[in-house]
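A.B. asks: Chains H, U and A, in that order, are what the protein sequence lines are. The numbering of the first sequence is the UniProt record's numbering, which starts it at 1 and goes up by one. The numbering of the second sequence is the UniProt record's numbering, which starts it at 1 and goes up by one. The numbering of the third sequence is the UniProt record's numbering, which starts it at 1 and goes up by one. Please read through the structure below; I'll follow up with questions.
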Amino acid sequence: MSGLYYGVAYYDEYIREARLDKDIEMMLAAGINVVRIAESTWSTLEPSEGQYNFHHIDRVLDAMHHAGIAVIIGTPTYAIPHWLAKQNPDILVTTPNGHEIYGRRQIIDIMNPYFLTYAENIIRVLLEHVCHHPAIIGYQVDNETKHYENVGEVIQTAFKRSLKKRFPDIRQLNDAFGLEYWSNRIDCWDDFPPVEGTINASLGCAFARFRREKVADYLAWQAAIVTEYAQPSQFVTQNFDFEWRGWSFGLQPRVDHFAAAQAMSVASVDVYHPTQDHLTGREIAFSGDVARNLKGGKNYFVMETQAQGFAKWTPYPGQLRLQAFSHIASGASMVSYWHWHSIHNSYETYWKGLLSHDFAPGPTYQEAVTIGTDMARLSGTLNELRVENDVAILVSNNAMEAMNWFRPDTPQPELNNHGHYIYNDILRRFWDALYDRNVGVDIINGIDPKACKYRLIVIPALYSASNEELERINQYVENGGRVLIGFKSGFCDEDVKVRTETQPGVISKCCGVSYSQFTIPENVGLKAETETVSCLPNESAEMWMELLSPASERTTVLLRYDHPHWGKYAAATISQYGRGQALYVGFLPSQEQIFSLFSSLATGLTLTSVTANCRWPVVVRHAVNKNGESIQFIFNYSAATETIALDADVHEPLSGDRLRKGDRVTIAAWGMRLFVKNV
Amino acid sequence: MSGLYYGVAYYDEYIREARLDKDIEMMLAAGINVVRIAESTWSTLEPSEGQYNFHHIDRVLDAMHHAGIAVIIGTPTYAIPHWLAKQNPDILVTTPNGHEIYGRRQIIDIMNPYFLTYAENIIRVLLEHVCHHPAIIGYQVDNETKHYENVGEVIQTAFKRSLKKRFPDIRQLNDAFGLEYWSNRIDCWDDFPPVEGTINASLGCAFARFRREKVADYLAWQAAIVTEYAQPSQFVTQNFDFEWRGWSFGLQPRVDHFAAAQAMSVASVDVYHPTQDHLTGREIAFSGDVARNLKGGKNYFVMETQAQGFAKWTPYPGQLRLQAFSHIASGASMVSYWHWHSIHNSYETYWKGLLSHDFAPGPTYQEAVTIGTDMARLSGTLNELRVENDVAILVSNNAMEAMNWFRPDTPQPELNNHGHYIYNDILRRFWDALYDRNVGVDIINGIDPKACKYRLIVIPALYSASNEELERINQYVENGGRVLIGFKSGFCDEDVKVRTETQPGVISKCCGVSYSQFTIPENVGLKAETETVSCLPNESAEMWMELLSPASERTTVLLRYDHPHWGKYAAATISQYGRGQALYVGFLPSQEQIFSLFSSLATGLTLTSVTANCRWPVVVRHAVNKNGESIQFIFNYSAATETIALDADVHEPLSGDRLRKGDRVTIAAWGMRLFVKNV
Amino acid sequence: MSGLYYGVAYYDEYIREARLDKDIEMMLAAGINVVRIAESTWSTLEPSEGQYNFHHIDRVLDAMHHAGIAVIIGTPTYAIPHWLAKQNPDILVTTPNGHEIYGRRQIIDIMNPYFLTYAENIIRVLLEHVCHHPAIIGYQVDNETKHYENVGEVIQTAFKRSLKKRFPDIRQLNDAFGLEYWSNRIDCWDDFPPVEGTINASLGCAFARFRREKVADYLAWQAAIVTEYAQPSQFVTQNFDFEWRGWSFGLQPRVDHFAAAQAMSVASVDVYHPTQDHLTGREIAFSGDVARNLKGGKNYFVMETQAQGFAKWTPYPGQLRLQAFSHIASGASMVSYWHWHSIHNSYETYWKGLLSHDFAPGPTYQEAVTIGTDMARLSGTLNELRVENDVAILVSNNAMEAMNWFRPDTPQPELNNHGHYIYNDILRRFWDALYDRNVGVDIINGIDPKACKYRLIVIPALYSASNEELERINQYVENGGRVLIGFKSGFCDEDVKVRTETQPGVISKCCGVSYSQFTIPENVGLKAETETVSCLPNESAEMWMELLSPASERTTVLLRYDHPHWGKYAAATISQYGRGQALYVGFLPSQEQIFSLFSSLATGLTLTSVTANCRWPVVVRHAVNKNGESIQFIFNYSAATETIALDADVHEPLSGDRLRKGDRVTIAAWGMRLFVKNV
């Protein structure tokens with residue numbers, strides 16, 4: 001594939017009227033060059049067992065091909081027909097709340113053998129039917145796949161088997177997980193307890209990890225089937241979503257995107273976010289920083305994002321355009337809307353598409369016309385954009401899960417807590433601090449200390465990690481890397497057993513700091529101990545505080561707590577280790593404080609990730625295109641006109657203007673400008 | 001029946017002491033002339049299957065008759081004995097939360113054939129025993145009957161059958177309800193899904209409507225049985241309640257009162273409301289405006305209302321009296337308390353009666369004595385009062401249910417949401433605005449454009465309605481009517497399918513307005529565009545806002561949004577259509593704004609519904625008695641003395657005074673005065 | 001036993017490393033002289049049915065004995081192994097939320113015969129193995145035992161049987177419980193309804209009482225088994241906990257501590273509470289005031305209290321010491337920490353012990369060293385301390401349960417409400433008012449009017465009580481006692497039937513007051529009617545208000561409500577009765593107001609309970625040791641240094657200083673001083 005894709009999800013199945021020709025005409029006018037179809041339409045494709053109906057698929061494929069619009073085929077598996085659930089009720093997933101009732105999508109036991117048999121059949125039948133159609137550019141397997149809180153018998157048995165394999169002697173299991181506590185010890189595998197009732201975080205987190213693995217296995221299984229039919233030029237992808245807090249918020253706890261992406265040829269994500277006065281670009285850039293790194297920096301697809309979205313997200317004029325180019329600046333090569341027109345019945349009636357329910361060319365559609373036109377004009381300029389960063393943030397699904405068992409904000413663990421993942425609050429605090437100050441980052445899930453392209457890595461709350469993972473941090477620093485490590489990192493091993501060494505355990509080596517106590521800060525201020533960090537008068541420790549002491553001569557205290565009883569303890573320290581430096585921070589800092597610590601750690605480095613001196617709402621992003629040209633995007637996430645001085649001689653492809661370094665350019669409210677740097 | 005009834009619910013069954021004679025003596029002293037008995041006493045009447053005990057019924061009937069107190073017999077069916085539930089556990093209703101456990105009242109599957117058999121038996125046995133007793137003036141069937149969230153097999157099967165009848169070809173069902181979405185399409189009726197899990201609002205609302213119909217059927221079935229035994233002079237009624245928010249708040253979502261009242265000879269309601277500093281009269285008048293219109297303007301019964309009520313409702317001196325006459329001014333011909341004395345055990349111990357637990361003549365009883373005395377004195381004056389309005393509010397159970405699937409305040413629908421009905425918030429905003437400004441209204445559930453006595457109809461949030469219903473609005477306006485139509489009206493058809501025409505669909509004809517976008521207002525002000533409406537400086541759009549544009553030359557913009565991005569859109573418009581006018585408002589206005597729009601629409605009309613220029617807490621109500629005399633009630637819902645000038649020459653039956661137009665009369669704190677206009 | 005015990009809970013089972021010798025060395029250094037073991041380790045002791053493993057028990061017993069550290073053996077029954085639950089799933093308790101899933105502790109049906117069989121077996125096997133070991137000083141049976149919301153078949157059948165015995169004629173049951181209401185009447189015992197669904201508070205409270213009795217029976221059953229093995233010198237105890245609101249808050253609703261303590265030779269409690277700026281000493285003293293009176297004033301054990309506790313409770317320097325001596329001043333002869341070291345896996349990872357996870361001698365351990373050292377030095381001085389009070393607070397489990405069915409803060413009762421017990425809010429308001437003003441109290445559960453050592457008894461919210469209980473109050477007053485009775489007292493009989501006499505029923509005799517109405521105060525102030533009570537300008541009635549009238553010539557109104565409508569009613573009265581006085585208060589007063597009423601009632605008495613004129617944060621406690629010496633503790637619960645003048649000539653054992661009456665002594669922040677009064 002090449003160039004930029006501008007797309008929509010399209011469901012001929014939902015439409016009663018003869019709309020197809022009119023729709024395609026309007027798509028072409030808006031520069032729409034790709035549609036995704038078939039996903040979630042199983043009951044239409046196979047209205048009863050073994051009876052198939054390709055009416056809608058065929059006519060859409062033909063019409064799109066005729067119009068020159070590419071098609072992505074989604075496998076229809078994530079929403080099942082009722083006849084299937086009725087025949088085999090066990091296909092519906094069992095969660096801690098009981099056995100699911102038919103109705104919603106995504107209520108399947110993805111390990112159920114009957115489900116897999118029927119799913120494989122409909123995938124094969126569909127692909128056999130369509131796979132030679134020239135309109136198709138690729139396939140999406142399933143959609144936003146997760147484990148759906150599965151605690152069914154099949155997955156519990158498989159989980160037990162996996163532990164048996166890992167711990168041939170059951171005493172190893174008791175040891176690793178500390179099962180003696182509250183009489184949970186078991187002496188034979190037959191006595192293995194139901195996982196949904198466990199109060200043992202080691203067991204709970206192992207099961208959560210196993211469930212994430214099963215999601216990746218399921219997606220790889222679908223991808224393998226699809227690959228049997230796909231042409232070499234066609235991609236296979238999955239549409240990943242993020243922790244949902246009414247919008248795309250953080251790392252997804254129920255899938256390991258990095259693992260699941262391995263079976264895909266390209267990564268896709270769906271991204272939803274507030275707009276109007278709350279449009280910040282943060283969710284767009286955050287999801288891009290993940291997606292871009294799932295396939296080693298390759299361009300990714302925004303397979304779904306909002307057009308009009310929820311009623312409260314009806315975009316202001318300009319915002320749809322700002323959003324589209326923000327995705328591209330993050331490395332997306334496709335921006336595709338959920339969905340073409342607003343749906344007239346059922347659950348997502350108010351999840352509005354590019355067209356309103358009246359199919360008329362309304363304001364949002366009209367803005368899409370300008371976007372599609374410009375994307376077509378710029379497709380050479382923006383082809384295969386590469387985003388290069390030398391700053392990264394290290395994330396971990398295991399740490400996220402373990403943190404949620406032991407949330408700082410609740411004194412006792414919540415069993416089977418599938419709510420709000422506090423890890424993401426912490427991650428986002430660090431990430432936001434950098435985004436808002438125009439520091440671009442990659443989001444990565446591991447460090448190769450021998451071949452690490454990053455000069456500085458931020459590591460928030462790496463609460464559960466193996467010795468090996470932590471030693472790689474030490475080695476990275478020893479080799480000259482710089483790390484900013486957040487509180488609670490290194491506390492537990494990979495089985496969520498607290499280390500018995502002095503905390504923060506293995507990484508004490510690079511950090512040169514130790515603590516044996518921690519508490520929840522209440523009216524605890526901060527004091528700067530060196531001139532290299534600043535500390536605002538009203539800064540205070542949030543969420544958690546470790547009572548740190550330097551444990552090495554190489555360690556300098558940067559911040560201390562300002563408190564009658566805790567004042568003798570350090571709050572943040574920096575330490576030389578090998579050729580690098582490790583900054584450790586024992587509390588949740590404000591964004592401002594994070595940036596101050598980051599700047600202190602970055603002293604002496606010239607980072608390409610730092611794209612501008614200004615701050616959000618002006619966001620500056622850099623990328624390099626296929627031709628090696630350096631592209632600069634300037635986004636204005638505010639309702640006021642903003643001005644910025646150029647840092648190089650540039651030309652502006654859309655206007656044709658040439659400007660010089662130091663020239664002040666204005667960016668309209670909710671506007672964007674795009675420059676190509678002169679060589 | 002004639003005259004005014006002043007009553008209590010009475011349970012000889014609950015009392016351990018020999019109280020009957022003493023109670024009757026106290027009742028007579030308080031002017032109590034009717035008691036309701038038997039309701040909810042099944043386990044006492046039939047202590048084990050087929051064994052009957054009429055001890056309490058007989059002695060109460062005889063004693064009351066002897067004292068000249070009339071008796072209403074309630075069928076005992078809404079609370080079942082445990083022996084019945086134990087024998088046939090399926091009698092207990094299955095809800096989305098599971099199968100009910102015995103204990104509470106109103107936990108029955110009212111479609112269960114065993115329940116119906118036993119219920120019919122106890123009704124027949126009871127009525128056969130009592131029906132010739134001269135004390136009886138009428139019957140109440142069941143009590144506050146609703147569907148109790150029934151999702152049992154019987155009702156689901158019946159529902160499927162009703163759909164099969166309506167949609168002989170199953171494809172019509174798929175089409176009408178949009179079942180293709182999320183793979184919910186079905187190809188044969190055997191695959192019909194469980195309703196409790198559905199995410200399809202069309203299906204969910206159809207089921208809700210079916211359940212309301214089954215409640216009406218059940219009540220009609222009981223009424224038919226009772227009618228076999230009743231004398232022609234005896235009434236058959238049901239005691240309807242309202243949406244409960246800790247008090248009687250709005251239209252009842254789980255019964256269609258208008259449909260269910262057809263089988264009754266008189267309408268009864270129960271009305272509970274805050275008192276003390278929170279007594280406003282609103283709940284009394286609102287429930288009256290519904291009840292009065294259930295049987296075409298005939299007087300209704302307040303079968304239950306509070307005496308002392310909840311602890312926080314212990315009335316201030318004067319309030320019980322103010323409440324009683326407020327009911328009468330709304331058209332009630334009975335005011336009956338729940339209940340005579342406070343109960344010493346079980347659930348309603350703190351739901352206090354006219355007497356406290358000590359049976360002593362306490363302050364509330366003593367106030368009842370004054371009420372009963374005055375009601376007796378005034379019974380000629382207040383006999384068969386007619387309340388005549390030329391302003392109405394149109395309500396809809398279907399619109400209410402559909403609105404709750406797609407509440408403006410939540411971005412995604414809640415499945416099986418049986419909580420707070422947001423429709424009632426909107427309805428009450430409009431209703432309150434008129435009540436508080438002394439505009440009397442009828443609450444109606446349909447318009448007959450050919451024979452409509454109303455000169456102005458307010459139509460809030462008629463979200464789901466058939467083309468026919470909406471065309472009747474157009475015709476009513478064409479014929480000279482005036483309508484004030486609120487946002488979201490006309491959006492969906494009767495199957496909750498969004499219309500594909502430009503919104504607001506069918507009623508665009510009379511309204512002359514269109515929109516394709518809407519959003520949730522945040523800091524959105526309003527600007528008046530004409531002098532006919534006023535707009536307070538701090539007015540803002542609430543809850544929802546449609547981005548309106550005039551769609552006809554007949555349309556005048558009344559209000560625009562005050563906002564940097566939405567300022568070009570209209571917020572309220574008025575349009576001439578035929579001989580009438582239609583005012584459309586695209587957001588939830590404040591009460592003040594509603595009244596300003598109402599006044600603008602009413603320009604040139606002299607409305608009999610407008611009873612006074614003053615505002616709440618002074619409430620003025622008009623009625624005409626059997627003799628054609630015009631009665632004026634003036635109520636003071638405040639702790640301060642209020643003064644008002646009379647608008648006619650009157651006499652005051654209770655004092656015997658004669659006063660002249662223009663005389664200023666004072667109304668004491670929490671007081672009332674009643675005048676008869678001189679002819 | 002003699003002297004003071006300083007202890008920890010110790011689990012060799014949880015530790016992977018060879019820590020035992022090192023742990024004992026550190027214990028000895030900290031003056032630890034007792035450990036509790038075995039409790040909750042069933043799965044380690046009996047890893048599969050009938051296979052036993054005493055490895056950890058034996059080595060700990062031997063090592064402790066060798067070191068001179070005493071051992072308490074806990075029976076392991078409150079946390080069961082999974083093999084047992086798997087074999088007999090009914091062992092897991094059924095609650096209103098369903099059948100428990102294995103995982104947590106305390107999820108057992110303690111009436112299940114299989115459970116009892118296996119529990120008896122493991123107790124006997126364990127005790128047979130250890131009972132001759134010289135290290136053992138006593139046994140703890142089970143732990144924090146409660147009924148775990150049991151609604152299983154076994155307990156319901158037993159409950160029905162108990163009612164059948166109490167009410168040989170079922171009509172008596174219907175009468176006593178008012179079952180006619182809502183058709184709950186039953187005619188034969190076979191029709192007895194499921195208790196979990198009942199809406200009848202009489203039935204609900206009777207079941208709650210029955211469940212408390214079954215807990216006491218179960219504990220007595222375990223105690224009897226243990227006693228078969230125990231030496232006469234060894235104690236048998238249970239570790240009672242309190243209503244848990246994130247910390248030990250009030251009387252325990254799910255056990256009757258007074259009844260359950262009868263089978264024990266010594267009472268033990270666990271006490272957890274906030275620290276840092278929220279350390280007040282209240283929970284320590286409150287739990288002590290209960291525990292001390294469970295075995296007639298004998299010293300009690302604090303079997304569990306926090307060392308570091310929850311993260312937010314990490315103690316400030318000095319606080320651990322302040323806490324330990326506060327327990328001793330309340331009459332504790334043991335202070336034992338949960339637990340020795342912080343646990344590395346599972347639920348209580350963040351419930352930190354005396355050592356952190358690194359086993360290092362951290363700050364909290366180091367403070368324990370000072371405590372242990374001083375306790376050893378003072379063990380003669382503090383041996384068998386007696387705390388003598390002449391003021392008591394009367395509490396009632398029955399009143400607590402009944403109050404929660406009819407909470408003043410909710411208009412309708414909540415079925416099976418196992419939440420927050422509002423009785424404890426009221427109790428704690430009264431108790432706190434006295435504690436904070438240095439009035440020591442005993443918490444008692446009954447009055448013997450003939451042999452009552454208390455001169456003044458405070459009786460909050462004795463909502464449900466038999467005539468006999470209430471008559472004992474009348475007699476106590478008649479005999480010269482003084483009582484301060486709070487609102488709602490005397491309202492219901494022991495079956496939660498409201499009395500039909502004028503309220504407050506039986507105790508009207510001593511109180512000389514009556515009321516028939518009550519309400520929830522809203523903006524209701526208070527006015528003092530005599531000079532003997534003070535009334536702050538901003539005092540207002542809270543939670544509840546009874547509209548009181550004096551009903552005797554002996555009655556004086558102390559306070560009236562300040563309100564336009566309720567101003568004529570009294571809010572608090574005092575009445576002479578016999579040789580005593582009864583003060584009745586009809587609302588929930590502020591602490592300040594309670595103390596004013598208390599002082600008014602205490603006029604003329606010199607109370608030994610009043611230990612000082614000063615107020616919290618300075619807390620003064622008195623006790624008498626085995627040698628008859630009078631000990632004075634002065635605690636400073638604040639971050640500021642406090643000063644107080646001595647009220648007698650004293651010497652200070654820790655410093656050796658001698659001081660004189662009137663000397664001002666300073667107490668450091670979070671500090672304490674201990675003086676012995678010179679004879």
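Positions of the beta carbon are idealized from the N, C-alpha and C atoms, including for glycine. Since the structure is predicted, the reported quantities are computational estimates derived from the model, not experimental observations.
Could you check the C-alpha separation between ASP127 of chain U and ILE426 of chain U for me, to the nearest Å?
C.D. replies: The sequence as given places Leu at residue 127 of chain U; Asp does not occur at that position. Distance between the alpha carbons of LEU127 of chain U and ILE426 of chain U is about 43 Å.
A.B. asks: Which residues in chain A have a C-beta closer than 9 Å to the C-beta of TRP83 of chain U? List them in chain order.
C.D. replies: Per Cβ cutoff of 9 Å: ILE186, ASP187, CYS188, ASP190, ASP191.
A.B. asks: On the DSSP bridge assignment, give the partners of residue 735 of chain U in chain order.
C.D. replies: Examination of residue 735 of chain U is not possible in this model, given that chain U is present from 1 through 679 alone.
A.B. asks: With a threshold of 8 Å (Cβ to nearest heavy atom), would LYS661 of chain H be considered close to the ligand ZN?
C.D. replies: Within the structure as shown, the ligand ZN is missing, as the structure has no ligands at all.
A.B. asks: Confirm, please, whether the CB-CB distance from GLY481 of chain U to CYS452 of chain U is below 9 Å.
C.D. replies: Yes, the pair counts as a contact, with Cβ atoms nearer than the cut-off.
A.B. asks: In whole angstroms, what separates the C-alpha of SER552 of chain A from that of VAL483 of chain A?
C.D. replies: Their Cα atoms are separated by approximately 17 Å.
A.B. asks: Check each candidate in H:GLN238, H:GLY246, H:LEU382 and name the one with the smallest Cα separation from ALA259 of chain H.
C.D. replies: If we check each option's Cα against that of ALA259 of chain H, H:GLN238 comes out closest.
A.B. asks: Quick one: Cα of VAL665 of chain H to Cα of PHE487 of chain H, how far?
C.D. replies: Each residue's Cα considered, the two are about 41 Å apart.
A.B. asks: Our contact map puts ALA669 of chain U next to LYS661 of chain U with C-beta atoms below 8 Å; I'd like the distance itself, whole angstroms only.
C.D. replies: That pair is no contact at about 25 Å.
A.B. asks: From the DSSP secondary-structure annotation, give me the bridge partner or partners of CYS492 of chain U.
C.D. replies: According to DSSP, CYS492 of chain U bridges with U:SER464, U:VAL498.
A.B. asks: Are at least three pairs of beta-carbons, each pair with one atom in the region 539-546 of chain U and one in the region 508-524 of chain U, less than 8 Å apart?
C.D. replies: Touching, yes.
A.B. asks: Name, please, each residue of chain U whose Cβ falls closer than 7 Å to the Cβ of GLN323 of chain H.
C.D. replies: Result: empty, since nearest Cβ-Cβ is about 15 Å, beyond 7 Å.
A.B. asks: Got a sec: which bits of the region 24-54 of chain U sit with their beta carbon under 7 Å from any beta carbon on chain A, in order along the chain?
C.D. replies: Against chain A - using a Cβ distance shorter than 7 Å - the residues of the region 24-54 of chain U are SER40, THR41, TRP42, SER43, THR44, PRO47, SER48.
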